[in-house]
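For reference, the structure is listed below as structure tokens.
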Amino acid sequence: MFQPVIKWSGSKRSQANTILSYLPQEFNCYYEPFLGGGSMLYAINPSKAICGDVCESLIDLWNKIKAEPNELAQSYRTRWERLQEEGYLAYYSIRDDYNLSKKAEDLLFLSRTCVNGLIRFNADGEFNNSLHHTRSGIHPDKLEKIIKDWSTRIQNSTFISADYEYTTQTVKEGDLVYLDPPYFHTKGRYYGTIDYDRFLNYLDFLNKRGAKYILSFDGKRGDDDFTVAIPKDLYKRHEFIPSGKSSFKKVMDKEYLEVYESLYLNW
Ligand SMILES: C[S@@+](CC[C@H](N)C(=O)[O-])C[C@H]1O[C@@H](n2cnc3c(N)ncnc32)[C@H](O)[C@@H]1O
55 MFQPVIKWSG SKRSQANTIL SYLPQEFNCY YEPFLGGGSM LYAINPSKAI CGDVCESLID
115 LWNKIKAEPN ELAQSYRTRW ERLQEEGYLA YYSIRDDYNL SKKAEDLLFL SRTCVNGLIR
175 FNADGEFNNS LHHTRSGIHP DKLEKIIKDW STRIQNSTFI SADYEYTTQT VKEGDLVYLD
235 PPYFHTKGRY YGTIDYDRFL NYLDFLNKRG AKYILSFDGK RGDDDFTVAI PKDLYKRHEF
295 IPSGKSSFKK VMDKEYLEVY ESLYLNW
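Residue numbers 55 to 321, in my numbering, belong to the letters of the sequence shown in order.
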């Protein structure tokens, strides 16, 4: 499995190969309007892509990975060395810096040193996860290689800090859109939320444009079915795919539950 450059909540890295198997044979422009950590962008490796996210500092980071990989790698090295020397105070000082000025370099550092690499924001958009005390964060040499690898891979991609509707406004017949919005049942876990009715109208818009879409959405965990009743005229296929995070431990009986996510396709 490929290495992530930034760790992001809701990453599709472990499902990327399964989702790849649903891809159409051919498509023109690839759109990914809920980009996050960009797992599908990396896995698909399209010849032309337009990607977006509402998290502005995340999009700044993508633009830096693309245009200034060496400087970005160096900025991580500086912060990482400070962490090794000064300890946890360095982490919390960089976290304060991020919450004040939302610099992409700080976000990258936090994602690589916070507890379980879980990017987590409070209601005011402030990053609030703590330092992962027992780990020292990915070594700068290793991250530098990963940044350069991703940088090469995304040279034909454009990154826009915008709402999903804006990112895909130029979509046409023959294009492919991969949608990975915040889950309906886990509002608040991710950055941003989506209005469900607006999102359904948007699926209708994609259909009318003649673009293909693949949508990842709520699925099942054990006997609990979180599937959202998306109107049937908006898609052609609905599949459940193993989510990779399947070993959810029940506290009482230590049972492992299978977790599946929904995949909707409009062709
Ligand atoms: C589940 S995550 C995507 C994860 C991504 N597929 C990956 O592999 O890392 C959902 C993303 O949608 C973004 N988002 C939330 N509301 C949005 C909106 N209205 N328009 C565009 N992006 C939005 C969040 O910032 C978050 O990065």
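Every residue gets a Cβ at the ideal spot worked out from N, C-alpha and C, and that includes glycine.
Because the structure is a prediction, the values reported are computed rather than measured.
Uninterrupted beta strand (DSSP E) stretches at least 3 residues long and entirely within the region 182-218 occur at 211-215, given in chain order. In terms of CA proximity to residue 62, 234 leads the group 279, 296, 276, 234. Under the three-pair Cβ rule at 8 Å, the region 106-115 counts as touching the region 209-219.
Using a Cβ-Cβ distance cut-off of 8 Å, the region 137-150 and the region 173-188 are in contact, since at least three pairs of beta carbons, one from each stretch, lie closer than that value. Under the rule that a run must span 3 or more residues, the beta strand (DSSP E) segments found entirely inside the region 58-120 read 84-86, 103-107. In this structure, residue 282 keeps its C-beta atom at 8 Å or more from the C-beta atom of residue 85.
For residue 275, the uninterrupted beta strand (DSSP E) run begins and ends at 266-275, by DSSP. Here the distance from the Cβ of residue 88 to the nearest heavy atom of ligand 1 is below 7 Å. In the DSSP assignment, residue 161 falls within the unbroken alpha helix (DSSP H) covering 158-167. Per DSSP, the unbroken alpha helix (DSSP H) holding residue 154 starts and ends at 142-155.
Among the bridge pairs identified by DSSP, residue 295 is matched with 315. Apart from the 5 residues on each side of it in sequence, residue 207 sits with its Cβ closer than 7 Å to the Cβ of 96, 99 in its chain, given in chain order.
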